[in-house]
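For reference, the structure is listed below as structure tokens.
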Amino acid sequence: ASHKWRNILLGGGAALGLLALSYMLYLSLQGPSPIQDLITYARQSRGHVETPIEAAGLPPAGGEHSGIWQNCGIYTSPVGTENVMHSLEHGAVWITYQPDLPEEDVTYLQDLVRRESSIVLSPYPGLKSPVVATAWEVQLELDSVDDGRLNDFIDRYQKGPTAPERLGACSNGVGTPLP
Numbered sequence: 046a047s048h049k050w051r052n053i054l055l056g057g058g059a060a061l062g063l064l065a066l067s068y069m070l071y072l073s074l075q076g077p078s079p080i081q082d083l084i085t086y087a088r089q090s091r092g093h094v095e096t097p098i099e100a101a102g103l104p105p106a107g108g109e110h111s112g113i114w115q116n117c118g119i120y121t122s123p124v125g126t127e128n129v130m131h132s133l134e135h136g137a138v139w140i141t142y143q144p145d146l147p148e149e150d151v152t153y154l155q156d157l158v159r160r161e162s163s164i165v166l167s168p169y170p171g172l173k174s175p176v177v178a179t180a181w182e183v184q185l186e187l188d189s190v191d192d193g194r195l196n197d198f199i200d201r202y203q204k205g206p207t208a209p210e211r212l213g214a215c216s217n218g219v220g221t222p223l224p
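Just remember that this note's numbering sits 45 ahead of the position in the sequence shown, which is counted from 1.
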């Protein structure tokens, strides 16, 4: 009788283990869940232009841009949109913030960017939302710096699938970011 119970327990344990393994496999094949309120843009042109690009409201998420990219890093004054757009083409994420964002929020963003390799952080006059994360053909408006969707956006789109040249450089371009 004890062998019978032992076999039942072993069989039940094996069945539960197989069920757990199957569920983990199922979850791994699902892919990442969508980022709420993500803005996606249609296929963007990639030509180079020699003139500055002015954009109001939201930073561009692609399109014609300078032939020289912006060095990734932290900037405390606005940077050339036409240069950062080239960085986006190379897989960078551009985090912009309203120039009057509280100092502690700017420090939070700077600390976040220091841990990453392909992000440009800069103020952006006329920005509609306090913080906007932009990558090639995708964008996310945020009301606060500690919104968890910002980390999801960085994880998904830094050197991510929407960047046409995601292995391109993010240094040896223009700009001198903070150390």
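Note that CB positions come from ideal geometry on N, CA and C, so glycine has one too.
- Shown here for P175: same chain residues with a beta carbon closer than 8 Å to its own, the five before and five after excluded, namely Y142, Q143, L146, D150, L187, D188, S189 and V190 in chain order.
- Approximately 7 Å separates the beta-carbon atoms of W181 and Q89; this is inside 8 Å, confirming the contact.
- Pairing S163 with V124 gives a Cβ-Cβ distance that is not under 7 Å.
- Of the candidates L63, A208 and R194, the residue whose Cα lies closest to the Cα of Q81 is R194.
- Secondary structure note for T126: its alpha helix (DSSP H) is the uninterrupted segment T126 to E134.
- Under DSSP, Q184 shares a beta bridge with I84 and T179.
- Rounded to the nearest whole angstrom, the CA to CA distance from L66 to V219 is 50 Å.
- Taken through DSSP and simplified to helix, strand or coil, S122 comes out as coil.
- Excluding five sequence positions before and after D197, the CB atoms of its chain that fall closer than 7 Å to its own CB belong to I80, given in chain order.
- Residue pairing by DSSP puts P168 in a beta bridge opposite Y142.
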